[in-house]
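K.L.:
In our numbering, the protein residues as written are 42 to 187.
1) Taking the C-alpha atoms as reference points, what is the distance between residue 97 and residue 80?
2) Can you give me the Cβ contacts of residue 175 inside the same chain, cut-off strictly under 7 Å, excluding the 5 residues immediately before and after it?
3) Between residue 50 and the rest of its own chain, which residues show a CB-CB distance below 6 Å, the 5 nearest in sequence each way excluded?
4) When you compare the CB positions of residue 178 and residue 138, do they come within less than 8 Å of one another, or not?
5) Quick check on DSSP: helix, strand or coil for residue 99?
6) Use the C-beta contact count for residue 45: other C-beta atoms within 10 angstroms, 16 or more gives buried, fewer gives exposed.
7) Does residue 180 come out as helix, strand or coil in the three-state DSSP assignment?
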(Lines of atoms letter the chains of each structure in order from A; the text may use other names.)
(Lines give C-alpha, C1' and ligand atoms only; values in the text may rest on other atoms or scores of the structure.)
Protein backbone atom coordinates (compact mmCIF):
# COMPACT_ATOMS: atom_id res chain seq x y z
CA UNK A 42 0.00 0.00 0.00
CA UNK A 43 1.33 3.44 -0.95
CA UNK A 44 1.22 6.13 1.70
CA UNK A 45 -0.80 9.23 0.87
CA UNK A 46 0.08 12.60 2.34
CA UNK A 47 -2.56 14.01 4.65
CA UNK A 48 -3.01 17.60 5.73
CA UNK A 49 -2.40 16.74 9.38
CA UNK A 50 0.78 14.77 8.67
CA UNK A 51 2.14 17.49 6.38
CA UNK A 52 1.47 20.23 8.95
CA UNK A 53 3.08 18.19 11.73
CA UNK A 54 6.17 17.48 9.61
CA UNK A 55 6.70 21.19 8.91
CA UNK A 56 6.19 22.15 12.57
CA UNK A 57 8.79 19.58 13.60
CA UNK A 58 11.17 20.70 10.81
CA UNK A 59 11.01 24.37 11.86
CA UNK A 60 11.34 23.31 15.50
CA UNK A 61 14.62 21.58 14.67
CA UNK A 62 15.89 24.72 12.92
CA UNK A 63 14.87 26.84 15.91
CA UNK A 64 16.68 24.49 18.29
CA UNK A 65 19.70 24.50 15.93
CA UNK A 66 19.52 20.72 15.67
CA UNK A 67 20.98 20.67 12.16
CA UNK A 68 22.02 17.01 12.25
CA UNK A 69 18.32 16.10 12.38
CA UNK A 70 17.37 18.05 9.23
CA UNK A 71 18.53 15.63 6.48
CA UNK A 72 15.94 13.03 7.55
CA UNK A 73 13.18 15.48 6.56
CA UNK A 74 14.22 15.60 2.88
CA UNK A 75 13.38 13.30 -0.01
CA UNK A 76 16.14 12.36 -2.43
CA UNK A 77 17.01 15.29 -4.69
CA UNK A 78 15.00 17.79 -2.64
CA UNK A 79 15.46 21.41 -3.70
CA UNK A 80 15.64 24.60 -1.61
CA UNK A 81 14.95 27.84 -3.49
CA UNK A 82 15.56 31.26 -1.93
CA UNK A 83 14.46 34.65 -3.20
CA UNK A 84 17.33 36.94 -4.01
CA UNK A 85 19.79 37.95 -6.68
CA UNK A 86 23.12 36.10 -6.59
CA UNK A 87 24.56 38.71 -8.98
CA UNK A 88 24.53 41.23 -6.11
CA UNK A 89 27.40 41.16 -3.62
CA UNK A 90 26.39 39.45 -0.40
CA UNK A 91 23.04 38.39 -1.82
CA UNK A 92 21.95 34.87 -2.54
CA UNK A 93 19.09 33.38 -4.40
CA UNK A 94 18.09 30.57 -6.67
CA UNK A 95 17.89 26.82 -6.23
CA UNK A 96 20.27 24.44 -4.57
CA UNK A 97 20.23 20.96 -3.14
CA UNK A 98 18.26 21.09 0.12
CA UNK A 99 20.97 19.20 2.00
CA UNK A 100 23.54 21.79 0.90
CA UNK A 101 21.28 24.56 2.19
CA UNK A 102 21.45 23.06 5.69
CA UNK A 103 25.01 24.44 5.79
CA UNK A 104 23.63 27.95 5.21
CA UNK A 105 21.31 27.52 8.19
CA UNK A 106 24.30 26.71 10.40
CA UNK A 107 25.30 30.40 10.19
CA UNK A 108 22.80 30.89 13.06
CA UNK A 109 25.57 29.69 15.37
CA UNK A 110 26.75 33.32 15.43
CA UNK A 111 23.84 34.18 17.75
CA UNK A 112 23.95 33.67 21.50
CA UNK A 113 20.14 33.33 21.46
CA UNK A 114 18.11 32.23 18.42
CA UNK A 115 14.54 31.27 17.60
CA UNK A 116 12.46 30.50 14.52
CA UNK A 117 8.75 30.66 15.33
CA UNK A 118 5.81 29.78 13.09
CA UNK A 119 3.29 32.63 13.28
CA UNK A 120 0.78 31.25 10.74
CA UNK A 121 0.48 27.99 8.83
CA UNK A 122 -1.85 26.97 6.02
CA UNK A 123 -1.70 23.36 4.87
CA UNK A 124 -3.62 21.36 2.29
CA UNK A 125 -2.72 17.72 1.63
CA UNK A 126 1.01 17.69 0.76
CA UNK A 127 1.58 21.47 0.62
CA UNK A 128 2.16 23.89 3.48
CA UNK A 129 2.89 27.60 3.70
CA UNK A 130 4.19 29.23 6.84
CA UNK A 131 4.77 32.77 7.97
CA UNK A 132 7.63 32.63 10.41
CA UNK A 133 9.82 34.95 12.41
CA UNK A 134 13.51 34.51 13.07
CA UNK A 135 15.03 36.36 16.02
CA UNK A 136 18.73 36.28 16.77
CA UNK A 137 20.47 38.11 19.60
CA UNK A 138 24.17 38.62 20.28
CA UNK A 139 27.07 38.75 20.04
CA UNK A 140 27.61 42.30 21.20
CA UNK A 141 24.45 44.39 20.74
CA UNK A 142 23.22 42.43 17.73
CA UNK A 143 19.43 42.07 17.52
CA UNK A 144 18.18 40.58 14.26
CA UNK A 145 14.56 40.01 13.27
CA UNK A 146 13.42 38.63 9.93
CA UNK A 147 9.91 37.70 8.84
CA UNK A 148 10.07 34.77 6.46
CA UNK A 149 7.44 33.11 4.30
CA UNK A 150 8.15 29.53 3.26
CA UNK A 151 6.24 27.16 0.99
CA UNK A 152 6.80 23.41 1.25
CA UNK A 153 5.87 20.46 -0.94
CA UNK A 154 6.09 16.96 0.50
CA UNK A 155 5.94 13.54 -1.12
CA UNK A 156 3.64 10.70 -0.08
CA UNK A 157 6.13 9.62 2.58
CA UNK A 158 5.98 13.09 4.20
CA UNK A 159 9.48 13.95 3.01
CA UNK A 160 10.14 17.50 1.82
CA UNK A 161 10.77 17.67 -1.93
CA UNK A 162 10.70 21.45 -2.39
CA UNK A 163 11.18 24.53 -0.22
CA UNK A 164 10.57 28.09 -1.44
CA UNK A 165 11.92 30.67 1.01
CA UNK A 166 11.05 34.37 0.91
CA UNK A 167 13.06 36.20 3.55
CA UNK A 168 13.29 39.97 3.95
CA UNK A 169 16.42 40.69 1.89
CA UNK A 170 16.79 44.16 3.42
CA UNK A 171 17.18 42.56 6.86
CA UNK A 172 19.64 39.97 5.55
CA UNK A 173 21.76 42.65 3.89
CA UNK A 174 21.64 44.73 7.10
CA UNK A 175 22.83 41.69 9.05
CA UNK A 176 25.72 41.04 6.68
CA UNK A 177 26.81 44.69 6.96
CA UNK A 178 26.52 44.57 10.77
CA UNK A 179 28.67 41.44 10.94
CA UNK A 180 31.27 42.98 8.63
CA UNK A 181 31.33 46.31 10.51
CA UNK A 182 31.82 44.49 13.83
CA UNK A 183 34.37 41.97 12.50
CA UNK A 184 32.10 39.03 13.30
CA UNK A 185 32.60 36.02 11.06
CA UNK A 186 30.15 33.24 10.32
CA UNK A 187 32.79 30.53 10.11
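Built from N, CA and C at the ideal position, the CB exists for glycine as well.
P.N.:
To lay it out plainly:
1) 6 Å
2) 144
3) Leaving aside the five residues that flank residue 50 on each side, the residues in its chain whose CB is nearer than 6 Å to its CB run, in chain order, 158.
4) no
5) helix
6) exposed
7) helix
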